[in-house]
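Asks: Here it is, the structure in full.
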Amino acid sequence: MRIAVDIMSGDAPAEELLKGALKAHEDFKVEIVLVGAEEIVAPYADTENGIYTAFSKSVVEMTDDALAAVKEKTDSSMAIGAKLLKNGEADAFVSPGNTGALLGAATLTVRKIKGIRRPAIASIIPLEKPFILLDSGANTELLPENMLQFAYMGAFYAEKVFGVESPKVALLNNGTEETKGTELYRESYKLIKNSELNFVGNCEGRDIPFGFCDVLVCEGFAGNVALKLIEGMGKFMSNQINGLFRKNIMTKLAYLLTRKGINDMRKKLDHKEYGGAPILGIAKPVIKAHGSSDARGFYNAIKQAKVYAESDIIGRIETSIAKIKEQSKDVRGDLNATAVSEAD
2 MRIAVDIMSG DAPAEELLKG ALKAHEDFKV EIVLVGAEEI VAPYADTENG IYTAFSKSVV
62 EMTDDALAAV KEKTDSSMAI GAKLLKNGEA DAFVSPGNTG ALLGAATLTV RKIKGIRRPA
122 IASIIPLEKP FILLDSGANT ELLPENMLQF AYMGAFYAEK VFGVESPKVA LLNNGTEETK
182 GTELYRESYK LIKNSELNFV GNCEGRDIPF GFCDVLVCEG FAGNVALKLI EGMGKFMSNQ
242 INGLFRKNIM TKLAYLLTRK GINDMRKKLD HKEYGGAPIL GIAKPVIKAH GSSDARGFYN
302 AIKQAKVYAE SDIIGRIETS IAKIKEQSKD VRGDLNATAV SEAD
């Protein structure tokens, strides 16, 4: 397996991401294509041992306009990595860069799975019981049919990656009742409820940390807010614990007695444990690593790319999409018929 990695587009120095990529190559026994400036990546080329390089001349910045960057910076590390994936020179692509630009590169260069209207960023939330949150930032304007597709794609990912049989699917909403939320959420509720998925209803924000579901579906604005809030609360809790145990000699002794449990909790709250999020709905595996990824975070993003590429999630989506579309039409027809009947 060969994984292309963009080491230029993140917030961390390229040398930091190089460390994570080279360690992943060693630990996971995968070939790596280091995509970056020639002067940075060329010294690490070792084709006999599966380390390749691809030279870029520009970088997609976090502040760049996403669509303009995709069209104009065709010699960027992000664009070159996407082309390697499209042309079969890599089996997966990992980038920590501008989310909108990566989504555009994946959609326009690698292309979507036929029948998928919108790809979704599927963030893995590392709480007591990890779950998948999608969409977590790609789409802010959706149709109920898009949300149904997200639900199916998230369920397929949970089955393959987490080994969960019949994953519990929920909608992120401002109440548990079926009538809560905007029209998008009310209509999506009806579609997913009448699907073959294991739908458990609406999930309120306060229930997110307590294993309510395996797949949490929403549009990108709400998903990104939820994602950043969870990450922020993880850092807040870690800082509070540090302050608590540094108060005096007694609290420092208490820390020594509870250190293992505290470290385990920190690990559960650390987004670097998964490193990034797959963009589901793209025809080949693309992983959006965290923009702030350090060596460990990038290492784990590459690990996730390997797992994704080895799974049959994309094939499962491809073979199921016709059925999903037909089901959506059938449910729509039933709902419209019910509405007409009630009006009469």
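Numbered according to our numbering, the sequence shown spans residues 2 to 345.
Glycine residues also receive a C-beta, built at the ideal position from the N, C-alpha and C atoms.
Note that the coordinates shown come from a computational prediction; the quantities given were computed from them, not determined experimentally.
1) Hey, could you find the ends of the beta strand (DSSP E) glycine 7 is sitting in?
2) For a minimum of 3 consecutive residues, which ranges assigned as the beta strand (DSSP E) are wholly contained in the region 70 to 130?
3) List the endpoints of the continuous beta strand (DSSP E) containing lysine 236.
4) If you draw a straight line from the C-alpha of serine 59 to the C-alpha of methionine 148, how long is it?
5) If contact is defined by three or more beta carbon pairs under 8 Å, each pair taking one atom from either stretch, is the region 238 to 251 in contact with the region 171 to 189?
6) To the nearest angstrom, how far is it from the Cα of valine 1 to the Cα of phenylalanine 56?
7) Using three-state DSSP, classify proline 279 as helix, strand or coil.
8) Given 8 Å as the limit, is there contact between the region 293 to 303 and the region 134 to 154, that is, 3 or more CB pairs closer than that?
9) What does DSSP give as the partner residue(s) for aspartate 47 in the beta ladder?
10) Distance, Cα to Cα, leucine 336 vs isoleucine 288?
11) Does the beta-carbon distance from valine 31 to alanine 25 come in below 8 Å?
12) Does DSSP put lysine 289 in a helix, in a strand, or in coil?
13) Are aspartate 7 and glycine 98 closer than 8 Å when you measure CB to CB?
14) Where does the unbroken beta strand (DSSP E) through glycine 37 begin, and where does it stop?
15) Could you say which of Ala227, Asn225 and Val162 lies nearest to isoleucine 314 if we only look at CA atoms?
16) Go ahead and label methionine 251 buried or exposed: buried means 16 or more other beta carbons lie within 10 angstroms of its beta carbon, across all protein chains shown.
17) Would you report the Cα separation of proline 44 and leucine 228, rounded to the nearest angstrom?
18) Mind listing, in chain order, the continuous alpha helix (DSSP H) runs of no fewer than 4 residues lying wholly within the region 170 to 204?
19) With a threshold of 8 Å between beta-carbons, can glycine 224 be considered close to chain D, or not?
20) What number of angstroms, rounded off, separates the C-alpha of threonine 64 from the C-alpha of threonine 259?
21) State whether the region 297 to 305 contacts the region 14 to 22, with contact taken as three or more CB pairs (one from each stretch) at a distance under 8 Å.
22) How many angstroms separate the CA atom of glutamate 205 from the CA atom of phenylalanine 213?
23) State the start and end residues of the unbroken alpha helix (DSSP H) segment that holds valine 308.
24) With a threshold of 16 other CB atoms inside 10 Å of the CB of threonine 110, please say whether the residue is buried or exposed.
25) Using a Cβ-Cβ cutoff of less than 7 Å, which residues in the same chain neighbour arginine 207 once the five nearest sequence positions on both sides are dropped?
26) Classify leucine 68: buried if its beta carbon has 16 or more other beta carbons within 10 angstroms, exposed otherwise.
27) Kindly indicate the opening and closing residues of the alpha helix (DSSP H) around phenylalanine 157.
Replies: In this structure, then:
1) A small fix is needed here, since residue 7 is aspartate in this sequence, not glycine. Counting along the chain, the beta strand (DSSP E) containing aspartate 7 begins and ends at 3 to 7.
2) 93 to 96 and 124 to 126
3) No beta strand (DSSP E) holds lysine 236; the alpha helix (DSSP H) holding it covers 221 to 246.
4) 36 Å
5) no
6) Lying before the first or after the last residue shown, residue 1 is absent from the chain, which here runs from 2 to 345.
7) strand
8) no
9) Ile52
10) At leucine 336 the pLDDT is 48, less than 50, meaning the model places this residue with poor confidence and gives no usable figure here.
11) yes
12) strand
13) yes
14) 32 to 38
15) Val162
16) exposed
17) 37 Å
18) 184 to 194
19) No chain D appears in the structure shown, which is made up of a single protein chain.
20) 42 Å
21) yes
22) 9 Å
23) 296 to 311
24) buried
25) none
26) exposed
27) 145 to 158
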